[in-house]
Structure formats: C-alpha cells, structure tokens
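Colleague: Line order of the protein sequences matches chains A and B.
So for the first sequence, the numbering used here puts the first residue at 661; every next one is plus one.
So for the second sequence, the numbering used here puts the first residue at 15; every next one is plus one.
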Amino acid sequence: MPELPVSQARMSWNKTGSWRSSTPGHRGKLPPCNFNCPAAEDIRGYLDLMKKGKVAEAFELLTQKNPLPAVCGRVCYHPCQTDCNRHSFDTELQIRSVEMLIGDWGIQHKRRVRLPEIGAEKVAVVGAGPAGLAAAHYLRRGGVNVVMYDENHHPGGILHYGIPAYRLDKEILQAELKRVLDGVDFKANMRLGSDFDLGTLDEFDALFIATGAHVSKSMRIDGEELAGVESGLDFLKRVNSGQRVRLDGKQVVVIGGGNTACDVARSAYRLGASVTVAYRRTENEMPAFAEEVEQLKAEPIELEFLVAPARIQQETDGHLKVTCHRMELGEPDADGRRRTVVIDGADFTMIADVVFAAIGEDPDLDIAPGLTYASDGTLDLSQIDQRIRDKLFLGGDILPNPRTVPHAVASGRIAAEQISAFLKGVPYERPEKPAEMAGPEDINFSYFARINYAKRAASSNGTDGALDEAGAIDEANRCLSCGVCFECDTCYNYCPDLAIVRTPGGYKANLDYCKGCGICARECPSGTLGMKGGKVA
Amino acid sequence: MKRVMSGNETVSQAVKLSRVQVISAYPITPQTSISEKLSEICGSGEMDAKFVKVESEHSAMATLIGASSTGVRTFTATSSQGLALMQELLFWVSGARLPVVMVNVNRAMAAPWTIWCDQTDSVSQRDTGWLQFYCWSNQEILDSVICAFRIAEELLIPCMVCHDGFFISHTHEVIDIPEQNQVDAFLPPRKAEYKLDTANPRTFSGGTMPSMFMEFRYKVQAAFERAQGVIDQTYKQFAQTFGRDYRAVEPYYADDAEILLIASGSAASTVYHTVRQMRESGRKVGLLRMRQLRPLPVEGVLKHLTDGAALAVIDRNLSPGTGGVFAQELRAALHRKGSDHRVHEFVGGLGGRDITAADIEKICDDLDNKTADPAGINWVGLNR
Chain A
661 MPELPVSQAR MSWNKTGSWR SSTPGHRGKL PPCNFNCPAA EDIRGYLDLM KKGKVAEAFE
721 LLTQKNPLPA VCGRVCYHPC QTDCNRHSFD TELQIRSVEM LIGDWGIQHK RRVRLPEIGA
781 EKVAVVGAGP AGLAAAHYLR RGGVNVVMYD ENHHPGGILH YGIPAYRLDK EILQAELKRV
841 LDGVDFKANM RLGSDFDLGT LDEFDALFIA TGAHVSKSMR IDGEELAGVE SGLDFLKRVN
901 SGQRVRLDGK QVVVIGGGNT ACDVARSAYR LGASVTVAYR RTENEMPAFA EEVEQLKAEP
961 IELEFLVAPA RIQQETDGHL KVTCHRMELG EPDADGRRRT VVIDGADFTM IADVVFAAIG
1021 EDPDLDIAPG LTYASDGTLD LSQIDQRIRD KLFLGGDILP NPRTVPHAVA SGRIAAEQIS
1081 AFLKGVPYER PEKPAEMAGP EDINFSYFAR INYAKRAASS NGTDGALDEA GAIDEANRCL
1141 SCGVCFECDT CYNYCPDLAI VRTPGGYKAN LDYCKGCGIC ARECPSGTLG MKGGKVA
Chain B
15 MKRVMSGNET VSQAVKLSRV QVISAYPITP QTSISEKLSE ICGSGEMDAK FVKVESEHSA
75 MATLIGASST GVRTFTATSS QGLALMQELL FWVSGARLPV VMVNVNRAMA APWTIWCDQT
135 DSVSQRDTGW LQFYCWSNQE ILDSVICAFR IAEELLIPCM VCHDGFFISH THEVIDIPEQ
195 NQVDAFLPPR KAEYKLDTAN PRTFSGGTMP SMFMEFRYKV QAAFERAQGV IDQTYKQFAQ
255 TFGRDYRAVE PYYADDAEIL LIASGSAAST VYHTVRQMRE SGRKVGLLRM RQLRPLPVEG
315 VLKHLTDGAA LAVIDRNLSP GTGGVFAQEL RAALHRKGSD HRVHEFVGGL GGRDITAADI
375 EKICDDLDNK TADPAGINWV GLNR
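This is the structure in structure tokens:
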C-alpha cells in the first residue's frame, strides 16, 4: 500500500468522460433571419462582420448569395425580421436597413467582382429580371460566357418597369445592375418568341429562361375592352419607362389587393389622381405585403373592401361607370382562403376616368409555340424540341414560385449552380437546409442588454429605414447570433473540467475530460450548444 | 544580514527564502500584511512564485490542494475565522498527505466580534492532522517556517506555524536573515513521489472502500509518531547550518523548579521574564515553553519533571466545557506515560487581554498557598 491514497495504476483508461451520459455539441439550428431569407443570405454572418466594422467583408459575404443588396434592402418584404428573437426582447433588428447600407456602400465604393477569364461554355439567359440577373451574374462569376436577352431597353425587368421609383430609386438600381451585369453581354429589345426563338439559341450549351409573369389577368367582365380600362402593370411600365402619363384631377379605380394594386394606386396618386382601391375580400386577405398595405393606408387613397366589379360601361360624357357587387366572406376554399359570395341586391356604381386592373399576372406563354401549363402549375415543355429541352432551365416567376424579388434571386442563383453542374456533367446536389431555427426559448437573454432602437432612428439619412454606417454597425451589434457561436468564451470559462477547448472560429469539447454536466450548453448565450443524450464511451 | 522586521514581514522573508512556488491567500486581520507582502514580491518578480487570488480562505486552501498535488511547494497564511472556513480542507490536505505549510496568526474566534489574540482558532484544529508549531519571537518564526517545509515534505504531513496576533505579528524585532544559498542547501526543492501529471494520470484520494480507509488513517498516525524524530533531526541540521538551536520543549530554570510554569507563544516570554525576576528573589520557579501542540512533545516535558514539582499550564485558549487545551493534552499524555504529576489549569489572556507579570506571580502564590483549584479551571485576571 502506498503512503498516500493514490492509484498505483495509470488511470489513462478511465478518463473523466467515462461517467458521461450526454455530450455537448452544436444544435445546428439556424438563426431565424437566415432560416427565413428566401435568397438564403448568411444574414447572421454579415451582421457579425458589420459588428466588427468590416463593411467590405460583409458586402462580399452578402453578395455571394444575393447580388442585389441595395435593391433588396429597399424592396424585399424582409421576412428576415419576422422571427428575429429580438422581437420579444426589445424590437426586431432592422436587417433590411443594414442590408441597404451594405448595398449602398458597394455602390458608393464602386465595388466590382473580380471576374475570371471567360471559358468555353456559353449560356443564354432570357429575361433580365431578378432571376435572370442572378443567374447571369453567378454564371459569369464562374467563368461562363453569358449572353443575356431582354425585351426591354433597360435590364431589371420588374425592378425597373414594375416597381415605382419612389420605392426603388432608378439611379441606385442602375448602379447596382451595372455591377451585376459586369462581363455579361446584354442584348436589349430582344423579345423571345418574336425577335428570336428558342431554335436560334441552339448554339448555346445551356439556356436559362426567366421571362417572368407580366401578363395581367383578365377580370372577365363586360366592358373590360373599353378605352380607359387598362392593365395596372402596363401602367406601371409606362410610368417607369419615363413616359409622361397624365392623371391630374382624374378619378382612378384600382381593382385588386396585391402588391401591383398597391404600387398602381400609389403611383396614380402621385400623378395627381383621386384613387379608390377596390378589393373583393378584406384587408386581412390582401395578398400584398403587410408593409405595402400600411404604406397604402397612410396615403389619402380610398379603400373599398368586399367589392368586386360586375361590369363597366361608358357614359355619354365619356366617364366610366363601374358597377360593383358587394361581397361577403363564405366558407374557406381549397387554399384556405375564404370564398367571396355576392350579396344580392347590394350592387352600386363608381364613376371613374380610368380603371386599372391589378388582380394578378400570368407568365407570357408566347415565348415558345406550344407552351402550356402542366396540371401542377409548372410549364409543359413537351412541345419544345428535344435538343433544346435537354439544356433548358427555367426560373423566376415563370415557375409556380412565390412571386417576390428574393425568391426570384434565389431561383436564378440556384439555376446558375444547376447549369454549372450540368456543364461539368456532374449531378447537382442542393444543399440541405437545417430543419429548425433557433427560437426565443434557445436564447439566454440574461447575457444581452435591451437596446432602445427608437433613440437611434435619428441617425437615418432620410430614405425610409436608411441608416448611416455607424448606425448600421450599432444595429448589427444588437444581433443575438441566434444558434451560431460568436466566440464569447462563456462555455470555455464555465466548464468546470476545462474540457472546452478553443478552435479556430469556435470551441469543441475534449471528450476525454467532459463529464456531460451541460453547464456549457445551459450558459451558451446564443443557443449554439446543446446536449445530446446517450452514453458515449 | 540583520534587519528590523515585524513578525508578519518575517514570514514573507521565510517564504521567499524557501522558494515557495504557489501561494494563495485571502486577507484577514491580523494576517493580512503577510499575504500583502507576498503578493507584492510575487508581482514585482522578486519572488518566482504564482500568487493565486481567491475569494475566500476555503478557496485558498483548495487552490493549494490542487497546486501541491502537482508536486510544487505551497504556502498560505490566515487567522481565526479564515482558518475555521478552511476546516474541511485541512482534513483533506492531511489525508491526501500534501506538505502544505501555513502560518496562522492567532486571533480569537468570534462572537463577539474581535480581532485580538488568543489561540482557540488553531488549537481547535488539533484533530485535523496538521503539525502545529508555536513561536515566541520573530527570529523563531523565520526559522520555523523554513524548518516546517522540510519537516512537512519529509513526513508528508502539513505544518501550521502559529504566532500571536499583534503581540508578535505586529511587533518589530531584529532578525538575522540567512543567505539564500544556505537555505537552498538546507531545504532542497521538493521531490514528490506522486504528482498530478496529464502524461501519467492517476486517481488521487478517490473513493476508498472500508477495506482500505483505516489503513490510510493508520499511516497518518504512524507519520505523527515518527514526527518528533524528524523534527529533532531537522533542528540538529538547522543548528549546524545556521547556528540556532531549537527544541520541542524549551526549559528555563526547570530542573530544580518547585513550580513549573508551562506556556506557549508570547505568554511564554512574559513567564520567562517573570521567572527570571522571581529567581532573583529566591523563588524556585521555572518555565517549560511548549513549541508544539502536534505532535505533543510529552517526552520533552517529562525530561524536565522532578518529583514534587507543581505543574501549572497557562492556556491562552478555551475549549468550553473542559478547559485549556494544552493542559488537557498534557494531562492525558502524562497519564498515558504513567506520571502522577497533577496538572493545574490556568486559562487567561482570551481575546487579546494581557497576561501580566503580576498574573504570573499570583499563579505561583496560589500554587504555594494551595489555593489553586487542582481539579478545575483557574481563571487568570477574570472579573466575575
């Protein structure tokens, strides 16, 4: 027996960890901003860079997934902010403001992408809207020779011709598009289906079609053909093309409740019209983004809910008489939206100079002969020549995607990845998205201070929601880094067994010494660490 | 090299000379100036040691358990409530056979609140398995601390070196500081047979079954039984190196004394001077100065006992319900050795009260007149 109570054998076989019934590890939950971003931006990542004042690096990271930050900072409906865990703590992060600052920074600093030499592959991109722009940009960044066709004079599609200038400044748009299309051969005023056809694109190794959805749906009522009854989208296009459109003192009725209806109504109001928006359901059912509805309501524009046009007639004085049904909401339909039911005997009339129909848009099927919808809402390509079809990729609003700018950008970027794989002859593997996002229950709010955002709103430069660089950095500093390690050392400091070791960019548990107490996970401020059960020898 | 230093500053000198590697301490009056000075000289680089700041005495001792387990030389200092806060770890240190050295500056235990001296704090730790030394001068503090490391490391038993708060801790005296090379020759670096080593991991003081626990306790007891021999040998070599001679029990006019006063710490120095005066007037009184409580140096006492000598133990401590601890310990030890000397217990000087020459003369008078209670506590200077 030894003099003191010490084992005589080496105890290296029996590490502290042999007691353990669970081990720490990354939970793998996504921050809500990243989880909800349709464009799959690493928002948490660029907020972290912004925290450190690294605007250039933030710009690089952001534009790896979305080449249009200045645009999206202005027009995206920012679902990134919806589930921000700051929401229940003080107020959600103004991510779109940070994105806008980063985008504007890129424009001000004339950032250009370092482009590789053009290789042998050639890809045609048809449609210069957000999907086509993203596809062309990322293909060109990958060294592909890209030729882009659009029926309009300016690139941008809906960004240029649909979204009014008061929401998206044309100079900002053009500056951003200049960078995005750097190195891309843009051919303007080329309409697929009339100026050229798919057959003429056979020289390309792959084709990407993203011609969008810009054919206004018919209201299918009598009088739709009358002069003064127009497509709302066409109206926006004329306004955005710089044409002089006169509406001074005119009575305008806008039919619809989507984003186009909002833009049409607000644009008409800015041109001097008295505007009434007529929507067949209530405000709650409006398909427009909530923020656009709020902005619409903030302007002196009449809103008529539960109203549907029945017919339009021309009065002898030239005015249009719009006869409308009063509606009520019935049972939910297959989509869960409540049906509208006409209330008998409640018809009424509105007098208008102009009626804009904005009840939705369909893709333009005239781009190729024989193009029809398949039963699942996608396009039936069976009538297209096999040679073309084999190298044809589609994206953006032509597909049954949610019709938003970030969805279109994502669609274009993913198409670029698919086309690159196709050109290399390798299968495309879409990266898997983690199933869960980190919610408020994952965050250790005790580690964070409440910050009053309202106090700093004064630093705005005047544009709606705009922040200066210092303001954006302050805002980024509010980021809780939900579910993602921000190297705060809390686990490292708390581990009673010194089992947490620093690694480049984070920490890991040395399982020889971890006894599974879980203090690291319990204390982790951002909900990054969690404990996994099961005895691990 | 001679210097004038307070008792506490002397401790710091001794710790530095002993090349302690890890120090951890928490301030408490009247010890504070020890850890203050040590933190300064660790911070300045004058001493090559790690000073670990902690939030309590409990943590200080826990730190030293970890540090000492790696084989390094460790030190702490405390007083009174601080020592009490360490108590569970005092057992751990001795059970784990870690040669930690601690200075306890004696201070009474509250309540009521007090910062003044008595020895109840350290004597009440007599069962924790530490050697206990009691000093009466600054030079003795310096020498005892250096010796304590050697004794502790040889026996694998921790050592507590005690001196009286304020009476000694804050009193300045001339001391002779030895040269570093002399101390190095007397006290080589610690050589631990077992130490915490990640390359060669072992379990230290782990869960022990009834089949083995008692054997470890027996080994501690056996070390205490060997301790006096090791201590005496250490003093002998110390005397050869430094020229100062120490014994466990130091006699003064003891051998022909009819009254033998037994005391420790600063009270012993008052007894010493009183004995000298009384000898001048012809009274046959003597002093046995107790320099240890653990191990209790009963052989050192027996050596000086003559038949018929009246024994009076002056305790500056109290174990309520029994009496003075030195008296009880000595009575039990003498009985075990077959001695029929009666031990008279005198308890005084609690909470910093002086034990004066007049008090000591009165003790002698009471013994001469047989007015001292032979079977109970005789209170010194108590106002009833």
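Using N, Cα and C, we set each Cβ at its ideal position, and we do this for glycine too.
Remember, predicted model here, so these are calculated numbers, not experimental data.
Assuming residue 778/A and residue 803/A form a contact by the criterion Cβ under 8 Å, report the distance between their Cβ atoms to the nearest whole angstrom.
Modeller: 6 Å
Colleague: To the nearest angstrom, how far is it from the Cα of residue 1039/A to the Cα of residue 1023/A?
Modeller: Looking at the two C-alpha atoms, the distance is approximately 10 Å.
Colleague: Report yes or no: is there a C-beta of chain A within less than 8 Å of the C-beta of residue 164/B?
Modeller: Output row for residue 164/B: interface = no.
Colleague: Examine chain B for any beta-carbon lying closer than 8 Å to the beta-carbon of residue 1158/A, and answer yes or no.
Modeller: no
Colleague: Please work out which residues of its chain come closer than 8 Å, Cβ to Cβ, to residue 895/A, disregarding the five sequence neighbours upstream and downstream, and give them in chain order.
Modeller: 905, 924, 927, 928, 1016
Colleague: For chain A, check one thing: does any of its Cβ atoms lie closer than 8 Å to the Cβ of residue 208/B?
Modeller: It does; some Cβ of chain A falls within 8 Å.
Colleague: What does a CB cutoff of less than 7 Å around residue 53/B pick up in its chain, not counting 5 residues either side in sequence?
Modeller: 65
Colleague: Looking only at its chain, what residues have a beta carbon closer than 7 Å to the beta carbon of residue 72/B, apart from the 5 residues adjacent to it on each side?
Modeller: 99, 100, 103
Colleague: Quick one: Cα of residue 80/B to Cα of residue 347/B, how far?
Modeller: 36 Å
Colleague: Are residue 967/A and residue 946/A closer than 8 Å when you measure CB to CB?
Modeller: Residue 967/A is not a Cβ neighbour of residue 946/A, given a cutoff of 8 Å.
Colleague: Along the chain, which unbroken stretches of the beta strand (DSSP E) at least 3 residues long are found entirely within the stretch 827-869 of chain A?
Modeller: 845-847, 866-869
Colleague: What do you get for residue 335/B, buried or exposed, if any count of 16 or more other CB atoms within 10 angstroms of its CB means buried?
Modeller: exposed
Colleague: Would you mind sorting residue 247/B into buried or exposed? The rule is 16 or more other CB atoms within 10 Å of its CB.
Modeller: exposed
Colleague: Tell me, which residues are paired with residue 725/A by DSSP?
Modeller: DSSP, once it has assigned bridges, lists no residue as partnering residue 725/A.
Colleague: Can you pull the chain A neighbours of residue 241/B, defined as C-beta to C-beta under 9 Å?
Modeller: Near residue 241/B there are no residues of chain A at all, since even the closest Cβ is about 14 Å away, more than 9 Å.
Colleague: With a cut-off of 8 Å, do at least 3 Cβ pairs link the stretch 1077-1086 of chain A to the stretch 811-830 of chain A?
Modeller: no
Colleague: Quick check: what's the CA-CA separation for residue 684/A versus residue 1092/A?
Modeller: 23 Å
Colleague: Please list, in chain order, the chain A residues whose beta carbon lies closer than 7 Å to that of residue 230/B.
Modeller: 665
Colleague: Determine the extent of the alpha helix (DSSP H) in which residue 349/B is found, giving its start and end residues.
Modeller: Run containing residue 349/B: 339-350, per the alpha helix (DSSP H) assignment.
Colleague: Closer than 8 Å by C-beta to residue 57/B: which residues in its own chain qualify, once you throw out the five before and the five after it? Chain order, please.
Modeller: 65
Colleague: Along the chain, where does the beta strand (DSSP E) that runs through residue 408/B open and close?
Modeller: The structure shown does not extend to residue 408/B, since chain B is modelled only from 15 to 398, so the question has no answer here.
Colleague: For the structure I just gave you, are there three or more beta carbon pairs, one from the stretch 249-258 of chain B and one from the stretch 173-189 of chain B, closer than 8 Å?
Modeller: no
Colleague: When you check each C-beta in the stretch 748-768 of chain A against every C-beta of chain B, which residues fall closer than 7 Å?
Modeller: none
Colleague: Shorter than 8 Å from the beta carbon of residue 672/A to some beta carbon of chain B?
Modeller: Interface residue, yes.
Colleague: So residue 217/B contacts chain A; which residues on that side make the cut at Cβ distance below 8 Å?
Modeller: 666, 667, 671, 674
Colleague: Should residue 233/B be flagged as near chain A, meaning a C-beta pair shorter than 8 Å?
Modeller: Yes, residue 233/B counts as interfacial toward chain A.
Colleague: Confirm, please, whether the CB-CB distance from residue 889/A to residue 980/A is below 8 Å.
Modeller: yes
Colleague: Helix, strand or coil: which one does DSSP assign to residue 1022/A?
Modeller: strand
Colleague: Counting contacts by CB-CB distance shorter than 8 Å, is residue 143/B in contact with chain A?
Modeller: no
Colleague: Report all residues from its chain with a CB closer than 6 Å to the CB of residue 74/B; omit the five preceding and five following residues, and keep chain order.
Modeller: 38, 39, 40, 68, 90
Colleague: I need the straight-line Cα distance from residue 1099/A to residue 1179/A, nearest angstrom please.
Modeller: 20 Å
Colleague: Report the partner residues of residue 912/A according to the DSSP bridge assignment.
Modeller: Looking at the DSSP assignment, residue 912/A forms a beta bridge with 935/A, 1014/A.
Colleague: So what's residue 1190/A in DSSP terms, helix, strand or just coil?
Modeller: strand
Colleague: Checking the sheet assignment: what are the DSSP bridge partners for residue 360/B?
Modeller: 328/B, 392/B
Colleague: Taking 6 Å as the limit between beta carbons, can you name the residues of its chain near residue 942/A, skipping five residues before and five after?
Modeller: Around residue 942/A: 965.
Colleague: DSSP state of residue 666/A, grouped into three classes?
Modeller: Residue state, collapsed to three classes: strand.
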